[in-house]
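To convert, count from 1 in the sequence shown and add 12; that's the numbering used here. To keep things clear, I will list the structure first and then write my remarks on it.
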Amino acid sequence: MGFPAYRPRRMRANPTVRAFVRETTLQPSDFIYPLFVKPGAGVRDEVPSMPGVFQVSVDRLAGEVDELAACGVRSLMLFGLPSRKDERGSEAYADDGIVQRAVRAIKGHAPGFHVITDVCLCEYTSHGHCGVVDARGNVVNDETLALLSAEAVSHARAGADMVAPSDMMDGRVAALREALDAAGFTHVPLMAYSAKYASAYYGPFCDAADSAPAFGDRSTYQMDPANSDEALREVGLDIAEGADLVMVKPALAYLDVLRRVREEFSFPTVAYNVSGEYAMVKAAAARGWIDERRVVLETLLSMKRAGACAIVTYHAKDAARWIREAHHGR
Numbered sequence: 013m014g015f016p017a018y019r020p021r022r023m024r025a026n027p028t029v030r031a032f033v034r035e036t037t038l039q040p041s042d043f044i045y046p047l048f049v050k051p052g053a054g055v056r057d058e059v060p061s062m063p064g065v066f067q068v069s070v071d072r073l074a075g076e077v078d079e080l081a082a083c084g085v086r087s088l089m090l091f092g093l094p095s096r097k098d099e100r101g102s103e104a105y106a107d108d109g110i111v112q113r114a115v116r117a118i119k120g121h122a123p124g125f126h127v128i129t130d131v132c133l134c135e136y137t138s139h140g141h142c143g144v145v146d147a148r149g150n151v152v153n154d155e156t157l158a159l160l161s162a163e164a165v166s167h168a169r170a171g172a173d174m175v176a177p178s179d180m181m182d183g184r185v186a187a188l189r190e191a192l193d194a195a196g197f198t199h200v201p202l203m204a205y206s207a208k209y210a211s212a213y214y215g216p217f218c219d220a221a222d223s224a225p226a227f228g229d230r231s232t233y234q235m236d237p238a239n240s241d242e243a244l245r246e247v248g249l250d251i252a253e254g255a256d257l258v259m260v261k262p263a264l265a266y267l268d269v270l271r272r273v274r275e276e277f278s279f280p281t282v283a284y285n286v287s288g289e290y291a292m293v294k295a296a297a298a299r300g301w302i303d304e305r306r307v308v309l310e311t312l313l314s315m316k317r318a319g320a321c322a323i324v325t326y327h328a329k330d331a332a333r334w335i336r337e338a339h340h341g342r
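Next up, the structure:
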C-alpha cells in the first residue's frame with residue numbers, strides 16, 4: 013500500500029511553513045506578572061523557594077514596572093505583605109495599606125500600566141485563613157464578604173484597574189460587584205478565582221506571601237482536586253454573579269478543567285501558573301536536568317492551547333524576553 017496523498021511532514025519541513033500552520037501562539041501581552049510588595053525602603057528580598065522572584069518595597073516598584081514594560085508585559089497582579097496582622101485582616105482594606113500604597117505608586121509612575129489586585133485576607137490575618145474565623149476555628153462565609161468588599165473598594169479607590177477575589181467564599185463575586193458599583197466603580201472589572209483548588213502546588217507562594225494557615229488547611233473553602241464537574245458549577249455561579257473573567261488555579265495539573273470551562277462557557281478564562289509549578293522548573297533547570305527556556309515556553313503554550321486568554325505566571329519576564337528574542341532572530 014502506498015503513502016496517502018496527505019503527508020503531514022510536508023508542513024513541518026522548515027520554520028516558515030511551521031509558522032503558517034501554527035494553531036496557538038504566545039505573546040508577552042498574554043502574561044500577568046505576580047508581584048509581592050512589603051513594608052520598608054530599598055527592599056528587594058529574593059524568595060528562597062522561588063529563585064528569581066522577589067518581595068519588594070513600594071519605592072522599588074517603578075523599576076519592576078519599567079522592566080516589565082521593556083519586555084512587553086503589560087499587566088501585573090499585586091499581593092501585599094502587611095506591616096501588622098490581626099484577626100480580621102484590617103490592613104487589607106485600610107486606605108493606607110501596603111497594596112493601596114503600591115497601586116498609587118505604580119499609577120503615579122506609569123499611569124497606563126495595568127494593575128490587578130488580589131482580594132483576599134490570608135496575607136493579612138494573624139491566623140492565615142482567607143476569612144473571618146469564629147471561636148471554633150471555622151471560616152465564616154457571610155461575615156467575610158463585607159471585609160472582602162471593603163478591600164475591593166479600597167483597591168479601586170487607590171486606582172486599581174481590576175480586582176481579583178481569590179478567597180473562594182460563596183457569593184463573593186456578587187458582593188464585590190454590588191460594593192464596587194455602589195461606590196461608583198462600575199468600570200472596574202472583576203476577575204474571579206472561580207475554580208481554585210486546595211492544592212499542594214501553593215507551597216512556595218505561602219513563603220512569598222507569608223500566608224500559611226496557622227492551623228488546619230483551606231479544604232473547607234478551596235476545591236477538592238478530585239472534582240471537575242464542581243468547577244463548572246463554581247464558574248457558572250461566578251459568571252451569573254457578575255464576573256468579567258474567570259480563573260482556573262493551579263493551571264498545569266488542571267488543564268482538563270481549563271479546557272472544560274472554555275468549552276462549556278466560551279467565557280474569558282485565565283490560567284494561574286502557580287508557585288509550585290514555577291519552583292519545580294527552576295529546581296530541575298538549576299541541576300541541568302531540563303532546558304528551562306524550552307520547558308517554560310512549552311508549559312505556557314499548553315495553557316494557551318487549553319483555552320487560557322491570559323496567564324498569571326512568575327515566568328513572565330523570562331518568557332517575554334525569550335519570545336521577543338525569537339521574533340527578532342527571524
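Cβ atoms here follow ideal geometry from the backbone N, Cα and C, with glycine treated the same way. Treat the numbers as computed from the prediction; the structure is a model and nothing was measured.
Considering only C-alpha positions, which residue in the set the options is nearest to residue i?
| i | options | result |
| --- | --- | --- |
| T156 | R148, C142, I302 and D107 | C142 |
| E135 | P63, H121 and R96 | R96 |
| L90 | W334, Y209 and T325 | T325 |
| R317 | P51, H139 and Q39 | Q39 |
| D356 | H327, F48, F277 and E242 | Residue 356 lies beyond the residue range present for the chain, which begins at 13 and ends at 342; the question has no answer from this structure. |
| D179 | G248, P201 and R230 | R230 |
| H121 | R72, P94 and G254 | R72 |
| R184 | P201, K119 and D250 | D250 |
| P94 | K50, G64, G171 and A106 | K50 |
| T311 | R299, Y205 and Y266 | Y266 |
| Y290 | Y213, V145 and V111 | Y213 |
| S41 | L88, R22, A186 and V247 | L88 |
| V145 | E246, V131, F227 and R169 | F227 |
| G319 | R113, D130, D268 and R21 | D268 |
| S278 | C321, E246, A170 and P262 | C321 |
| A106 | R169, D330 and F125 | R169 |
| A195 | H167, V115 and A298 | H167 |
| D330 | I44, L313, R305 and R22 | R305 |
| V70 | A172, Q112 and V247 | Q112 |
Given a cut-off of 8 Å, decide if residue j and residue i are closer than it, judged by their beta-carbon atoms.
| i | j | result |
| --- | --- | --- |
| S161 | A191 | yes |
| L244 | R272 | yes |
| I323 | A283 | yes |
| V68 | E76 | yes |
| L159 | G101 | yes |
| V307 | V293 | yes |
| V151 | A164 | no |
| A224 | G140 | yes |
| S138 | E103 | no |
| A7 | M235 | The chain is shown from 13 up to 342; residue 7 falls before or after that span and cannot be answered. |
| M203 | I302 | no |
| P177 | Y205 | yes |
| G254 | A186 | yes |
Is residue i buried or exposed, if buried means 16 or more other CB atoms sit within 10 Å of its CB?
| i | result |
| --- | --- |
| M62 | buried |
| R342 | Unreliable positioning characterises R342 in this predicted model, as indicated by a pLDDT of 49, which lies under 50. A coordinate reading is not provided. |
| P2 | Since the first and last residues shown for the chain are 13 and 342, residue 2 lies out of range. |
| H340 | exposed |
| A328 | buried |
| T28 | exposed |
| G92 | buried |
| R19 | exposed |
| F217 | buried |
| A263 | buried |
| T198 | exposed |
| P46 | buried |
| G300 | exposed |
| M23 | exposed |
| E246 | buried |
Give a yes or no on whether the minimum CB-CB distance between residue i and chain D is below 8 Å.
| i | result |
| --- | --- |
| T325 | This model lacks chain D altogether, as it is built from one protein chain only. |
Flag this pair as touching only if the segment 252–272 and the segment 26–36 have three or more C-beta atom pairs under 8 Å; answer yes or no. Counting Cβ pairs under 8 Å, fewer than three are found: no touch.
State whether the segment 76–94 contacts the segment 326–341, with contact taken as three or more CB pairs (one from each stretch) at a distance under 8 Å. yes
Entirely enclosed alpha helix (DSSP H) segments - the segment 266–323, minimum 4 residues: 267–277, 287–298 and 304–318
Output the residue ranges of the beta strand (DSSP E) runs that lie fully inside the segment 26–78 and measure 3 residues or longer, sorted by chain position. Qualifying beta strand (DSSP E) stretches, in chain order: 43–50, 56–58 and 66–69.
So within the segment 184–224, which uninterrupted alpha helix (DSSP H) runs reach at least 4 residues, ignoring any that extend past its ends? Runs of the alpha helix (DSSP H) lying entirely within the segment 184–224, each at least 4 residues long, are 184–194 and 215–221 in chain order.
Minimum length 4: unbroken alpha helix (DSSP H) runs contained in the segment 129–178: 153–170
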